[in-house]
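Protein chains in written order, with our numbering: chain A, 4 to 139; chain B, 3 to 197.
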């Protein structure tokens with residue numbers, strides 16, 4: 004085999020692999036951007052819910068606030084899980100693979116967190132100094 | 003015979019070329035991903051809940067078991083109640099629960115006081131510390147009481163050995179409760195050290 008032939012094969016292979024690399028390199032940032040923007044939107048949603056719960060918790064009089072949660076963000080189904088009791092935590096996760104997208108610690112919820120995860124209307128109440136969250 | 007040896011060599015050379023290209027490719031990928039992730043940088047994010055610490059302090063003071071210690075309300079600080087509060091917390095020294103956590107039946111802002119140390123002090127227009135029941139500052143940090151740390155390292159960070167420091171201040175009306183003393187605007191400072 005001639006040396007020129009070996010070099011030619013190397014160049015062909017190298018160009019082929021470089022082409023694949025460039026394709027991946029162009030796709031990678033958009034994949035990361037998408038994941039980052041989804042997490043960013045989920046974090047904003049978690050923050051919005053938290054602000055309402057903090058406002059209720061700091062209210063000196065009775066307080067009620069309603070909020071409609073989105074079912075999808077960035078074309079991804081989401082699940083918003085709110086746990087009261089001793090945990091007092093809010094977790095937003097991907098509805099398909101359960102990947103955690105955002106979480107926030109909430110003020111002490113001494114009342115009930117009623118309803119189920121498939122209900123997307125939240126009512127945050129503080130009545131007689133008891134903080135509760137109802138899903139409908 | 004000669005032909006089969008040539009074919010074998012050719013196959014071997016292609017495999018070597020391919021392996022080399024593959025290794026170079028993988029190295030490129032690793033370097034590219036590494037550089038990309040490094041370029042993202044580490045964003046220092048302050049918990050946005052800390053915006054609510056003054057409201058939380060005011061709210062927690064309402065739930066104090068003993069009355070007459072709710073020194074801060076509606077942008078006003080009552081000196082008599084502040085002195086009462088300062089003498090009451092001297093035994094424990096820490097005011098973390100009041101500022102970051104919860105007192106009594108209060109609900110808090112979703113932060114755990116165990117993760118923070120807090121210093122509280124008041125300064126006047128000349129940036130002089132105002133006495134709080136005999137002390138210049140309330141609270142405890144790792145290296146001792148806030149009063150001693152602030153006195154020994156004046157105008158430096160009392161949270162220098164912590165992960166993060168957040169300084170928040172609010173102008174308040176300092177009500178000295180006496181007809182001979184005029185009310186004055188002072189600055190209420192909270193320094194929050196994240197463990």
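Even glycine gets a Cβ: it sits at the ideal position worked out from N, Cα and C. Quick caveat: nothing in here was measured; it's all calculated off a predicted structure.
Selection from the options that minimises the alpha carbon distance to residue i
i, options, result
"residue 79 of chain A", "A:97, A:71, A:70", "A:97"
"residue 50 of chain A", "A:111, A:126, A:134, A:94", "A:94"
"residue 102 of chain A", "A:38, A:47, A:131, A:128", "A:38"
"residue 106 of chain A", "A:10, A:90, A:18", "A:90"
"residue 72 of chain A", "A:131, A:82, A:12, A:42", "A:82"
"residue 112 of chain A", "A:99, A:124, A:128", "A:128"
"residue 178 of chain B", "B:165, B:81, B:129, B:133", "B:81"
"residue 92 of chain A", "A:99, A:61, A:52, A:118", "A:52"
Whole-Å CB distance - residue i paired with residue j, under 8 Å assumed
i, j, result
"residue 70 of chain B", "residue 100 of chain B", "Contact doesn't hold; Cβ gap of about 15 Å is too wide."
"residue 167 of chain B", "residue 149 of chain B", "Going by Cβ atoms, the distance from residue 167 of chain B to residue 149 of chain B rounds to 18 Å, so no, they are not a contact pair."
"residue 192 of chain B", "residue 108 of chain A", "Contact doesn't hold; Cβ gap of about 20 Å is too wide."
"residue 89 of chain B", "residue 135 of chain B", "5 Å"
"residue 123 of chain A", "residue 74 of chain A", "6 Å"
"residue 106 of chain B", "residue 67 of chain B", "6 Å"
Exposed unless 16 or more other CB atoms sit within 10 angstroms - verdict on residue i
i, result
"residue 77 of chain B", "exposed"
"residue 3 of chain B", "With a pLDDT of 49 at residue 3 of chain B, under the threshold of 50, the modelled position of this residue cannot be trusted; read the value that follows with caution. Its Cβ having fewer than 16 others within 10 Å, residue 3 of chain B is exposed."
"residue 39 of chain B", "exposed"
"residue 152 of chain B", "buried"
"residue 126 of chain B", "exposed"
"residue 18 of chain B", "exposed"
"residue 190 of chain B", "buried"
"residue 160 of chain B", "buried"
"residue 23 of chain B", "buried"
"residue 108 of chain B", "buried"
"residue 175 of chain B", "exposed"
"residue 83 of chain B", "buried"
heavy atom of the ligand GDP below 6 Å from residue i C-beta
i, result
"residue 138 of chain B", "The ligand GDP is not part of this structure, which contains no ligands at all."
Contact check, residue i vs residue j, beta carbons under 7 Å
i, j, result
"residue 110 of chain A", "residue 54 of chain A", "no"
"residue 133 of chain A", "residue 85 of chain A", "no"
"residue 222 of chain A", "residue 104 of chain A", "Chain A is shown only over 4 to 139; residue 222 of chain A falls outside these bounds and no answer can be derived."
"residue 60 of chain B", "residue 74 of chain B", "yes"
"residue 119 of chain B", "residue 195 of chain B", "yes"
"residue 55 of chain B", "residue 124 of chain B", "no"
"residue 126 of chain A", "residue 77 of chain A", "no"
"residue 24 of chain A", "residue 20 of chain B", "no"
"residue 103 of chain B", "residue 121 of chain B", "no"
Neighbour flag for residue i against chain D, beta carbons, 7 Å
i, result
"residue 66 of chain A", "No chain D appears in the structure shown, which is made up of the protein chains A and B."
According to DSSP, residues forming a beta bridge with residue i
i, result
"residue 40 of chain A", "Residue 40 of chain A pairs with nothing; no bridge assigned."
"residue 196 of chain B", "B:118, B:166"
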